[in-house]
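Visitor: Following this message is one structure expressed as structure tokens.
There are 2 protein chains.
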Amino acid sequence: MPIIKIALVDDHALLLAGLKMLISAQEDMRVVAEAQTAQEALKVIPATTPDCILLDISLPDMSGMELLPLLKERLPSSHIILLTMHEDQQYLKKGMELGASGFLLKRAMDQDLLYAIRTVYGGGIYIQPDMLKYMVGNKSASVNPQEKALALWNTLSPREQDVMIQLAKGFSSREIADACNLSEKTVATYRYRGFLKLGISRRSELVAFVMKIGVLS
Amino acid sequence: MPIIKIALVDDHALLLAGLKMLISAQEDMRVVAEAQTAQEALKVIPATTPDCILLDISLPDMSGMELLPLLKERLPSSHIILLTMHEDQQYLKKGMELGASGFLLKRAMDQDLLYAIRTVYGGGIYIQPDMLKYMVGNKSASVNPQEKALALWNTLSPREQDVMIQLAKGFSSREIADACNLSEKTVATYRYRGFLKLGISRRSELVAFVMKIGVLS
DNA sequence: CACCGTGTAAGAGAAATTCTTACATCCTTC
DNA sequence: GAAGGATGTAAGAATTTCTCTTACACGGTG
Numbered sequence: 001m002p003i004i005k006i007a008l009v010d011d012h013a014l015l016l017a018g019l020k021m022l023i024s025a026q027e028d029m030r031v032v033a034e035a036q037t038a039q040e041a042l043k044v045i046p047a048t049t050p051d052c053i054l055l056d057i058s059l060p061d062m063s064g065m066e067l068l069p070l071l072k073e074r075l076p077s078s079h080i081i082l083l084t085m086h087e088d089q090q091y092l093k094k095g096m097e098l099g100a101s102g103f104l105l106k107r108a109m110d111q112d113l114l115y116a117i118r119t120v121y122g123g124g125i126y127i128q129p130d131m132l133k134y135m136v137g138n139k140s141a142s143v144n145p146q147e148k149a150l151a152l153w154n155t156l157s158p159r160e161q162d163v164m165i166q167l168a169k170g171f172s173s174r175e176i177a178d179a180c181n182l183s184e185k186t187v188a189t190y191r192y193r194g195f196l197k198l199g200i201s202r203r204s205e206l207v208a209f210v211m212k213i214g215v216l217s
Numbered sequence: 001m002p003i004i005k006i007a008l009v010d011d012h013a014l015l016l017a018g019l020k021m022l023i024s025a026q027e028d029m030r031v032v033a034e035a036q037t038a039q040e041a042l043k044v045i046p047a048t049t050p051d052c053i054l055l056d057i058s059l060p061d062m063s064g065m066e067l068l069p070l071l072k073e074r075l076p077s078s079h080i081i082l083l084t085m086h087e088d089q090q091y092l093k094k095g096m097e098l099g100a101s102g103f104l105l106k107r108a109m110d111q112d113l114l115y116a117i118r119t120v121y122g123g124g125i126y127i128q129p130d131m132l133k134y135m136v137g138n139k140s141a142s143v144n145p146q147e148k149a150l151a152l153w154n155t156l157s158p159r160e161q162d163v164m165i166q167l168a169k170g171f172s173s174r175e176i177a178d179a180c181n182l183s184e185k186t187v188a189t190y191r192y193r194g195f196l197k198l199g200i201s202r203r204s205e206l207v208a209f210v211m212k213i214g215v216l217s
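Residue numbers (this note's numbering), protein chains in the order written: chain Y, 1 to 217; chain D, 1 to 217.
And the structure:
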């Protein structure tokens, strides 16, 4: 079994240490370079020709987004996985366009990371399940639960979606009706139809649903 | 030289690993407990009577801010250092008022963390130099709304808090009663008393409230 | 044009919530 | 140690909200 050579770029010393420990514990992986700044990364990484680069988006001297194409230029065959703290669809899209092979939230669990590394090493693309909702309408046709839920959500009419959101926030039909200048009965209909389409029957299920697809703050 | 006993609470597996490695490498420190959720923390930490608890502010099941007084209550002599991702002066002030002994940004360097641990172990207060600017000139500043809301929240009994959370998640009294093996009427009483204490009367207000104080994920 | 999705809404029965009252415990506080 | 208060538990009655069915108008689309 070949060893996967990995380079780490993160200004966060503790996370760097954690990553290193985790990766070093794998039999088929080895950390061949680490850097805490973009400058350092450009200096030390190319000589090590890693198979995979874990790249933090926020670095002190340069954005990981800027560093990405520079690394890609020097190491066209290295697969780059972006690490980020926040669920930012902007970064996700841009990163993928710039040639990243993976996208991972830092709060990801160990297994996710290892799985991501092995996936991109094999030429695949790995994206955190949580983030996939931002990719909807994008070509990749992987059908996961999140995506299906979002598709289901989009079968609701605008009014229905609106009422569902308000309901999830705890508003009663009466409150929603007053806010929208509608009859309570009308709102009740939207509620009923929305529940019907979503295949649910209680407010708690609705809250869980909208949490899952992330249409609430 | 006595060994400093340290407990770690952070939902971030990688950071947890990094912290553990770093601390374990010190001759005078030992990790005696670690937890990834508030529940787990309350379960495993008290028995280990750590000298110092490193507590992440954002946890999946409860805010570190809420967990702090609970831990303080059980372990009055443990010094708690708050860890956070963001430079948030709100948290800093609140945390210090709630009895934290230290405040550290996660991007801190290793030395900072070790120095902070030794400082609070010796009875001192450690605050990240970067954060000190927020403390200038407002030692006992005005009680902010967040804080008042949290204080209000803490006037609720455990049962009441529990029911409030479930209600905010959209569960009905009946559902909560079934889940807790209580009479629906009992749950209704908790609901009523909780609403009374919080000065609210509708579910939507409750949702807004729990969102504000951050007791929901 | 007929059909379907959508926006709107009323009515009746079912369910949930509001508020009051009740009582036993446990814990302080005087 | 008795009184008082907060808490856990729960029932009853009045009120509100929700569920589900029915209804109709309107704009696309096959």
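Built from N, CA and C at the ideal position, the CB exists for glycine as well. Computed from a prediction, not measured in an experiment: that's the story for all the values here.
Mind listing, in chain order, the continuous alpha helix (DSSP H) runs of no fewer than 4 residues lying wholly within the stretch 29–75 of chain D?
Guide: Segments of the alpha helix (DSSP H) lying fully in the stretch 29–75 of chain D: 38–44 and 64–74.
Visitor: Residue 45(D) and residue 83(D) - do their beta-carbons sit closer together than 8 Å?
Guide: It is not a contact, given that the beta carbons lie outside the stated cut-off.
Visitor: Is residue 7(Y) helix, strand or coil when you go by DSSP?
Guide: Note: residue 7(Y) maps to strand in three-state DSSP.
Visitor: Would you mind working out which of 152(Y), 176(Y) and 39(Y) sits nearest residue 162(Y), comparing C-alpha positions?
Guide: For residue 162(Y), the nearest C-alpha among the options comes from 176(Y).
Visitor: Answer yes or no: does any C-beta atom of chain Y fall closer than 8 Å to that of residue 160(D)?
Guide: Answer no: the Cβ-Cβ gap between residue 160(D) and chain Y never drops below 8 Å.
Visitor: According to DSSP, is residue 103(D) part of a helix, a strand, or is it coil?
Guide: DSSP places residue 103(D) in strand when its eight states are reduced to three.
Visitor: Please confirm whether residue 64(Y) has its beta-carbon closer than 8 Å to some beta-carbon of chain D.
Guide: So, not an interface residue.
Visitor: Quick one: what's residue 84(Y) bridged to in DSSP?
Guide: 105(Y), per the DSSP bridge assignment.
Visitor: Between residue 25(D) and residue 9(D), what straight-line distance do the alpha-carbon atoms span, to the nearest angstrom?
Guide: Distance between the alpha carbons of residue 25(D) and residue 9(D) is about 19 Å.
Visitor: Taking one C-beta from the stretch 19–33 of chain D and one from the stretch 109–116 of chain D each time, how about it: are there three or more such pairs within less than 8 Å?
Guide: Segments in contact, yes.
Visitor: Report back the beta-carbon spacing between residue 164(Y) and residue 199(Y) to the nearest angstrom; my notes put them in contact at under 8 Å.
Guide: In fact, because the Cβ distance is near 13 Å, the residues do not count as touching under 8 Å.
Visitor: Quick check on DSSP: helix, strand or coil for residue 23(Y)?
Guide: Residue 23(Y) falls in the helix class under three-state DSSP.
Visitor: Between 122(Y), 106(Y), 126(Y) and 118(Y), which lies nearest to residue 100(Y) when the distance is taken from Cα to Cα?
Guide: Out of 122(Y), 106(Y), 126(Y) and 118(Y), 126(Y) has the C-alpha closest to the C-alpha of residue 100(Y).
Visitor: Tell whether a beta-carbon distance below 8 Å holds between residue 33(D) and residue 7(D).
Guide: Yes; because the gap between Cβ atoms is below 8 Å, this pair is in contact.
Visitor: How many whole angstroms separate the CB atoms of residue 173(Y) and residue 159(Y), which I take to be in contact at a CB cut-off of 8 Å?
Guide: Their Cβ separation, rounded to whole angstroms, is 13 Å, which puts residue 173(Y) and residue 159(Y) out of contact at 8 Å.
Visitor: Using only CA atoms, which one of 179(Y), 77(Y), 48(Y) and 151(Y) lies nearest to residue 120(Y)?
Guide: Nearest C-alpha to residue 120(Y): 77(Y).
Visitor: Looking at the C-beta of residue 184(D), does it have a partner C-beta in chain Y at a distance below 8 Å?
Guide: No, because no Cβ of chain Y sits closer than 8 Å to the Cβ of residue 184(D).
Visitor: Do you know how far the Cα of residue 171(D) is from the Cα of residue 180(D)?
Guide: Taking the straight line from one Cα to the other gives about 12 Å.
Visitor: Can you check whether the CB of residue 102(Y) is closer than 8 Å to the CB of residue 68(Y)?
Guide: No, the pair does not count as a contact, with Cβ atoms beyond the cut-off.
Visitor: How far does the alpha helix (DSSP H) with residue 155(Y) in it extend, from its first residue to its last?
Guide: Unbroken run through residue 155(Y): none, as it is neither H nor E.
Visitor: By DSSP, does residue 125(Y) sit in helix, in strand, or in coil?
Guide: Residue state, collapsed to three classes: coil.
Visitor: CA-CA distance, residue 52(Y) and residue 122(Y)?
Guide: One C-alpha to the other measures close to 10 Å.
Visitor: Contact criterion: CB-CB distance below 8 Å. Does residue 27(Y) meet it with respect to chain D?
Guide: Not an interface residue.
Visitor: In angstroms with no decimal places, state the Cα-to-Cα distance between residue 91(D) and residue 47(D).
Guide: Cα-Cα distance, rounded: 28 Å.
Visitor: Might you give, ordered along the chain, the residues of its own chain that have their beta carbon closer than 7 Å to the beta carbon of residue 155(D), omitting 5 neighbours on each side?
Guide: Closer than 7 Å at the Cβ level, and outside the excluded window around residue 155(D), lie 197.
Visitor: Less than 8 Å between CB atoms is the rule here; does residue 40(Y) satisfy it with respect to chain D?
Guide: So, not an interface residue.
Visitor: Would you verify that the beta carbon of residue 34(D) is, or is not, closer than 8 Å to some beta carbon of chain Y?
Guide: Not an interface residue.
Visitor: Ordered along the chain, which non-local residues of its own chain (more than five positions away) have a Cβ less than 8 Å from that of residue 220(Y)?
Guide: For residue 220(Y) there is no data in the structure shown, the boundaries of chain Y being 1 and 217.
Visitor: Taking only beta-carbon atoms, is residue 103(D) less than 8 Å away from chain Y?
Guide: So no, residue 103(D) is outside the interface.
Visitor: Could you check whether residue 81(Y) and residue 71(Y) sit closer than 8 Å to each other, using their CB atoms as the reference points?
Guide: No. Outside cutoff.
Visitor: Residue 62(D) to residue 204(Y), Cα distance in whole Å?
Guide: Roughly 19 Å between the two C-alpha positions.
Visitor: Excluding sequence positions up to five away, which residues of its chain have a Cβ less than 8 Å from the Cβ of residue 166(D)?
Guide: Counting only Cβ-Cβ distances below 8 Å, and skipping sequence neighbours, we find 175, 176 and 179.
Visitor: If we cut at 8 Å on Cβ distances, does residue 204(D) have a partner in chain Y?
Guide: So yes, residue 204(D) belongs to the interface.
Visitor: Among the candidates 31(D), 49(D) and 38(D), whose CA atom is the shortest distance from the CA of residue 60(D)?
Guide: When only C-alpha atoms are compared, the closest one is 38(D).
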